Amino acid sequence: MDFIVATFRKDLTRWREDAHALIIWLAIPFLIGGLITAMAGGSGGSGPSGTLLIDDRDDTLISGFVAGAFAQDQIGDMLTVQNVGAEEGKQLIDAGEASGLLTIPEGFQDAFINDTPVVLTLKTNPAQTILPGIIENVTEVLLDAGFYLQALFGEEIAAIQGVDDEAGPSNAFVSSMSVQVNDKMQALGPALFPLAFDIEIVEPPPAEPRPDIGLLFLPGIVMMALLFSSQGLSADFWKERETGTLRRLVSSPGLLNQFVFGKALAATLVIAGISGITLAVGFLYHGIAWSKFLPSMLWLIFAGAGFFAWFAALQMLFPTQKAANLLSTIFLFPLMMMGGSFFPLAALPDWLASVGRMSPNGFVVDKLTDELVSANAWSFDIRSWTIVAAIMLSGLLLCSWRLKSGFARR
Amino acid sequence: MLKVDNLTKQYGDFTAVDGACFEAGDGKVFGLLGPNGAGKSTAINCISGLLAPTSGHISVSGFDIVRDGKKAKATLGVVPQELALYEDLPALDNLNYWGKAYGLRGAELDARVREVLDYIGLADRAKDLPKEFSGGMKRRLNFGCGIVHKPKVLLLDEPTVGVDPQSRARLFEMVEAERDAGACILYTTHYMEEAERLCDSLAIIDHGKIIAHGSVDQLKAQVGARDVLQLSGRFPDGLAATIADRGIADLDVLTDESNVLTLTMTTASHHLPAIFEAITAAGGSVSETSLRSPNLETLFLLLTGKELRE
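Read top to bottom, the protein sequences are chains A and B. Throughout, the working numbering is defined as the position within the first sequence, counted from one, plus 65. Throughout, the working numbering is defined as the position within the second sequence, counted from one, plus 450.
Shown next as structure tokens:
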């Protein structure tokens, strides 16, 4: 037991000298996580926005309604409507500085009231995809609405034609028009809104709130920190062999098991520190309940020890340090891609997600995700703990065996 | 006490150590001499438990290294040829760690570590990292790690390779101090002057076999009072026989090749004119002459026909 503690302290002291590696293991997941969060728009990012240019050559009440329609509700949140002249509009849209240019021709109101054909011209920005499509759809809806309004309220609209554009409609005109429209709505109501049957509105059971996409990335990013640090630390067996200390150890009275456990303990503390910092930042950013921090950390500690031991055993199977480093790194990246470190398992195709969940890191990520998004803490079941403990113990035993079976003696 | 009995180590068809037998007592330095690749390090590795012998027995302080490895290793200290240090761990912590590896604890360990730091001349650098040390300082720390637990049997595998003269002298003093403290020391080297200075008895090993064995005086006596004369140049066939016909007493021919001729005889310097005359008469020529007095190096040459450092 004393030698376990001695080895633990010895390795922590040594690794403290290599602070650069610790910073890199911590920085890479933060960098990648930051990029992913930025690409996903974070948890409260704003939607797309753009500018609609309107060249209103008619400049009447009806043409004003059309322009105003684009400033309403959610469309208004996405679009800034800017009235422009013909030349200015052409320059701006050609320069790609707006999402679209809508030209309302002179005589639009007359044509609308008299129900004669009229052409609205919409020029969209080909460099954009979403907003021009929305503008096009809204314009079509407006035209359809205009058609039905004309059919239903043709007389009232014709009366509007007589309104003095400069002075605006009089109060008497507005009230008279309101009464006429109301009477017509009352008369047409049963036909327009037939009450064919009673509707009982049944509220669906409240669905669990869907976690934001950034939160789904968090377990994978934490796992990335854990994998980088465990793989990096596992190379220390090779370093010890190259410096001859393993051979000196073999000449001492039989302490290889204690040596392995001491080193694994030190590695686990470092891995827990690195993945713990990453996890804590994630908890703060996503506002996760802190009651889930302890179970999540314990889960990561077990997993970290297991990955360290398995990486170490794997590295000790290779004939040279260079080959061990290279091949374990090559092994690491597909493992991270498949196991949900770059893309959440939920975002992968079903078959790939199934394979990913069967990978050791995918399994750890999957269970950690469940814990983070579940309603209550301690969602890990006994089977999961057993599996991760078995991974850890088998890795440590394999390490010990490999050291004794010749690795330390060369 | 170290006893090696008929030690053999094979790698496939290659025999690195072939039936080696020797014994080293407490308070004595036993030297194992031989050129590079002779089998010295393999023998040390078998004795320290790094390699399992193919056959034979090794007893360290009365414990068999294979059957009773833990007890044997507890009394064994190893100073390997290559440095075996944590370069990123302060010198003090290196000694502490290896002391703990041999079971030292608490005040006993602290006192011993301080003692060793003074002993190896690194007390003022105790908290520094070995990676900042000179080669000689690292060698001394390497030595310190091997003796921190006061081993009864100490294996020193070419401890002075690549060491400056000052550090080498300090290492010699440390070896002598360990011997005087009662340790049994096995010292491998290919420097004859080291063996002559330090070793009470020694064995000469070549191609895995012990080819001579005894105290330094006994081995020197094997050389007798004969000098070794080595000539380089161009020599015709049968020249050695022509020289032998000159009637030189105790003349032996060690090597007779077209460009190297090695002869041994008493008072060789008196016979040089006759030898040169014979070479000239036979149509040969001499480009280089080396005349050496009897020592362990010449013994090795006598036994193997080649230089120790070849």
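Just so it is clear, CB atoms sit at the ideal spot from N, CA and C, and this is done for glycine as well. Given the structure is predicted, the values throughout are model-derived calculations rather than measurements.
Practice task
Please state whether DSSP places L501/B in a helix, a strand or coil.
Solution key: coil
Practice task
Please name the residues in the stretch 520-541 of chain B whose beta-carbon is closer than 7 Å to at least one beta-carbon of chain A, in chain order.
Solution key: K520, K523, A524, L526, V528, P530, E532, L533, A534, L535, Y536, E537, D538, L539
Problem - Listed by chain order, chain A residues near D543/B by CB distance under 7 Å - result: K75, T78
Problem - Own chain partners of K453/B with C-beta closer than 6 Å, once the 5 adjacent residues on each side are dropped - result: E473, S509
Exercise for the section: Could you name the residues of the same chain whose beta carbon sits closer than 8 Å to that of G549/B, not counting the 5 residues immediately before and after it, in chain order? Expected result: L559, R562, V563, V598, H599
Practice task
Flag this pair as yes or no: are the beta carbons of G327/A and I69/A separated by less than 8 Å?
Solution key: yes
Exercise for the section: Using a Cβ-Cβ cut-off of less than 8 Å, give me the residues of the stretch 545-559 of chain B that come near chain A, in sequence order. Expected result: N546, Y547, W548, K550, A551, Y552, G553, R555
Problem - Interface residues of the stretch 487-498 of chain B facing chain A [CB-CB below 7 Å] - result: S498
Handout entry: Members of the stretch 283-309 of chain A near chain B, C-beta cut-off 7 Å
Key = T308, G309
Exercise for the section: Give the straight-line distance between the Cα atoms of Q680/B and L711/B, rounded to the nearest whole angstrom. Expected result: 6 Å
Problem - Cutoff 8 Å: L751/B Cβ touching any chain A Cβ - result: no
Practice task
Find out if the Cβ-Cβ distance for the pair D702/B, L713/B is shorter than 8 Å.
Solution key: yes
Practice task
Say whether the stretch 564-576 of chain B touches the stretch 488-502 of chain B, bearing in mind that this needs 3 or more beta-carbon pairs closer than 8 Å, one atom from each stretch.
Solution key: no
Handout entry: the stretch 193-210 of chain A touching the stretch 163-172 of chain A, judged by at least three CB pairs closer than 8 Å
Key = yes
Practice task
Apply the 10 Å Cβ neighbour rule to G596/B and answer buried if 16 or more other Cβ atoms are within range, or exposed otherwise.
Solution key: buried
Practice task
Going by CA-CA distance only, name the one from S356/A, G371/A, R475/A that's closest to A440/A.
Solution key: S356/A
Handout entry: Cross-chain neighbours of L500/B in chain A, by beta carbon under 8 Å
Key = R312, V315, S316, R474
Handout entry: Cross-chain neighbours of E162/A in chain B, by beta carbon under 7 Å
Key = Those within 7 Å of E162/A in chain B number zero; the least Cβ separation is about 59 Å.
Exercise for the section: Decide if I89/A is buried, meaning its Cβ has at least 16 other Cβ atoms within 10 Å, or exposed. Expected result: exposed
Handout entry: Where G109/A sits in the DSSP three-state scheme
Key = The predicted position of G109/A is uncertain, since its pLDDT is 47 and thus under 50; no value can be drawn from it.
Handout entry: H640/B vs P485/B beta-carbon contact at 8 Å
Key = yes
Practice task
Confirm, please, whether the CB-CB distance from S299/A to A377/A is below 8 Å.
Solution key: yes
Exercise for the section: Can you say whether M66/A is buried or exposed, counting buried as having 16 or more other CB atoms within 10 angstroms of its CB? Expected result: exposed
Practice task
Using a Cβ cut-off of 8 Å, pull out every chain B residue sitting near L320/A, in sequence order please.
Solution key: A551
Exercise for the section: Kindly list, in the order they appear in chain B, the residues whose Cβ is closer than 7 Å to that of A418/A. Expected result: Correct list: empty, because the minimum Cβ distance to chain B is about 42 Å.
Practice task
State the DSSP-derived secondary structure class of E608/B, mapped to helix, strand or coil.
Solution key: coil
Problem - Closest by C-alpha distance to D121/A, when choosing among G141/A, I456/A, L144/A, G150/A - result: G150/A
Problem - Buried versus exposed call for Q380/A [16 or more other C-beta atoms within 10 Å across all chains shown] - result: buried
Problem - Proximal residues to N322/A (C-beta, below 6 Å), its chain only, five neighbours per side dropped - result: S465
Problem - Any beta strand (DSSP E) of 3 or more consecutive residues that is wholly inside the stretch 689-751 of chain B - result: 702-706, 710-716, 735-742
Problem - Where R81/A falls, given that 16 or more other Cβ within 10 Å makes a residue buried - result: exposed
Practice task
Identify whether V70/A lies in helix, strand or coil by the three-state DSSP scheme.
Solution key: helix
Exercise for the section: Figure out for me which residue from D706/B, V479/B, V736/B has the closest Cα to the Cα of R684/B. Expected result: V736/B
Problem - Residues bridged to N148/A (per DSSP) - result: I119/A
Problem - Outcome for M403/A when other beta-carbon atoms lying within 10 angstroms are tallied against a minimum of 16 - result: buried
Handout entry: Short Cβ contact (8 Å threshold) for L621/B with Y637/B
Key = no
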